[in-house]
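Peer 1: The structure that follows is given in the form of structure tokens.
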Amino acid sequence: MEDHEKALLEKLKAISQSDAQDSRALKSFLITMDDIIGIHSIRVSGYACMSGRELGLSEEDLAALRTSALLHDIGKILIPPVILNKADGLSQAEMSTIRRHPVTGVKILRDIDRYKTFADTVHHHHEFFNGRGYPCGLSGSDIPLLSRIIAAADSYEAMTSERPYRKGFSHREAITRLKMGRSTQFDPEIIDSFICALKKFSGEDFWGTGINLEL
Ligand SMILES: [Fe+2]
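Straight run, no breaks: the sequence shown in the working numbering ends on number 218.
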């Protein structure tokens, strides 16, 4: 493990030991490390919990979902921003660097007592329901449930957010695309529940994030 990876691990370990129930320290750590990844992860966690609540998850599972969604892209923190923020034209090598982030995330989390139970969820958040995702090519219910919930929330957040190199889709367009991915990329039941949950927030400022869903 390289020095900056060790330093990251030490910081996360310290946070895991001191973090309050609401994960405030973890959230600010993520934003400090990289504001785009941090804000994305906080929003994904919010969307995933909204979806999980709609699916009737227990409070215990919701708590695990909240933290694993916050940590889902932790492996990206070790990828140089110049690769992460590249608009297009990623080389094969850069693409494989990015696609390694779920596995890197597992390596980081399995050494942290409080977070190691979330490693499996983080490992599989880019699997596709039809088995064409990565890193393991798992399909259907072989993909952990919390990973399937995060996958939908992750895509929705990524599609609707502005990036330095591109504009975001409207919420309506993002939902159309989620529906197009039912049964291929996403678990259809989860997409249906997520859309149902999103509609409940239609026209509201979503949890004070400044996101008006306008469905
Ligand atoms: Fe990811």
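Ideal Cβ positions, reconstructed from N, Cα and C, are used throughout, including at glycine. Computed from a prediction, not measured in an experiment: that's the story for all the values here.
#1: Using the Cβ count rule (16 or more neighbours within 10 Å means buried), how would you classify valine 85?
#2: Please classify lysine 79 as buried or exposed, where buried requires at least 16 neighbouring CB atoms within 10 angstroms.
#3: So aspartate 1 packs on histidine 128, CB below 8 Å; how close in whole Å?
#4: Between alanine 155 and phenylalanine 197, is the Cβ-Cβ spacing less than 7 Å?
#5: Give me the Cα-Cα distance between glycine 143 and phenylalanine 189, rounded to the nearest whole angstrom.
#6: Just mark arginine 69 as buried or exposed, buried being the case when its beta carbon has 16 or more other beta carbons within 10 Å.
#7: How would you call cysteine 52, buried or exposed, if buried means at least 16 neighbouring beta carbons within 10 angstroms?
#8: So is the beta-carbon of aspartate 76 under 6 Å away from any non-hydrogen atom of ligand 1?
#9: Exposed or buried, which one is histidine 174 when buried takes at least 16 other CB atoms within 10 Å?
#10: Along the chain, which unbroken stretches of the alpha helix (DSSP H) at least 4 residues long are found entirely within the segment 93–131?
Peer 2: In terms of the structure at hand:
#1: Walking along the sequence shown from the start, residue 85 turns up at place 82. Classification for valine 85: exposed.
#2: Stepping through the sequence shown from its first residue, residue 79 is reached at position 76. By the 10 Å Cβ count, lysine 79 comes out buried.
#3: Any property of residue 1 remains undetermined from this structure, which presents the chain solely from 4 to 218.
#4: Along the sequence shown, one-based indexing puts residue 155 at 152. Along the sequence shown, one-based indexing puts residue 197 at 194. Yes. Within cutoff.
#5: Here residue 143 corresponds to residue number 140 of the sequence shown, with the count starting at 1. Here residue 189 corresponds to residue number 186 of the sequence shown, with the count starting at 1. Computed Cα separation, rounded: 9 Å.
#6: Here residue 69 corresponds to residue number 66 of the sequence shown, with the count starting at 1. Within a 10 Å sphere around the beta-carbon of arginine 69 sit 16 or more other beta-carbons, which makes this residue buried.
#7: On the sequence shown, residue 52 is found 49 positions in, with the first residue counted as 1. Flag for cysteine 52 reads buried.
#8: Stepping through the sequence shown from its first residue, residue 76 is reached at position 73. Under cutoff, so the answer is yes.
#9: Start at 1 with the first residue of the sequence shown, and residue 174 comes out as number 171. By the neighbour-count rule (16 or more Cβ atoms within 10 Å), histidine 174 is buried.
#10: DSSP runs (the alpha helix (DSSP H)) wholly in the segment 93–131: 95–102, 104–112 and 122–126.
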